[in-house]
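Numbering (the working numbering), first residue to last: 2 to 153. Here a beta-carbon is modelled for each residue, glycine too, at the ideal position from N, C-alpha and C. It should be emphasised that the depicted structure is a prediction, and the values quoted were computed from it without experimental measurement. To start, the structure itself, in structure tokens.
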Amino acid sequence: MGSIDWLNGHEGTGYTMKDGIVQPDLNQRSKVAPAAYIMNRGWVTDDSDLEVFVKTSTTPEGKAFNRAMTDYLKSSKFYVNPVKRIISTSYMEKNTELSQYISDETTKMVVGQRPISDWDKMVEEYMSKGGKEVIDQVNDEMKKNNIQGEWK
């Protein structure tokens, strides 16, 4: 049961199975189940771990939905972002602030607090706040290490 055991504790200790569905033992959960402390369990290590969502579904509808999504995801390709394959100090230091800036300013445009005609000005502001440095360093690191994006 691999990741089901890891998340929920061993069967008979942290959970029982009923009709193929995990039934957590709420009295033991905080003692034996890492899932008790994980706010978002929406991560998996490989395709086989997607089955966890099917096995832990608590309703027939949930099980059917998770089966459909698991089958879809197993047959899908995903883009591997090349930026996630390099180490850029400027990206690590400034990305949160720069991303927040872009989010805030585009939201202002959507709700009418800033004119859409300011788009180019917003890009210039982004670049002057450190965006240019981040872009240049990321591009240099990707070129130096021959890193590219790919579909897997």
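Rounded straight-line distance, which links the Cα of G150 to that of Q29: 44 Å
Inter-stretch contact (C-beta, 8 Å, three-pair minimum) for the stretch 99–117 and the stretch 72–91: no
Residue environment, L51, which counts as buried when at least 16 other CB atoms sit within 10 Å: buried
Segment contact flag, the stretch 53–66 with the stretch 15–30, C-beta cutoff 8 Å, min 3 pairs: yes
Contact check, Y92 vs V135, beta carbons under 7 Å: yes
Simplified DSSP assignment, three categories, for Q114: coil
Distance between beta carbons of V33 and G15, contact taken as under 8 Å: 4 Å
Coarse secondary structure for K164, derived from DSSP in three states: The shown model of the chain, from 2 to 153, leaves out residue 164, and the question about it has no answer.
T17 in three-state terms, based on DSSP: strand
Secondary structure of I136, DSSP reduced to three states: helix
Residue(s) in a DSSP beta bridge with I22: K19
Limits of the alpha helix (DSSP H) - the one that P61 falls within: P61 to K75
V154 - containing alpha helix (DSSP H), residue span: The chain is shown only over 2 to 153; residue 154 falls outside these bounds and no answer can be derived.
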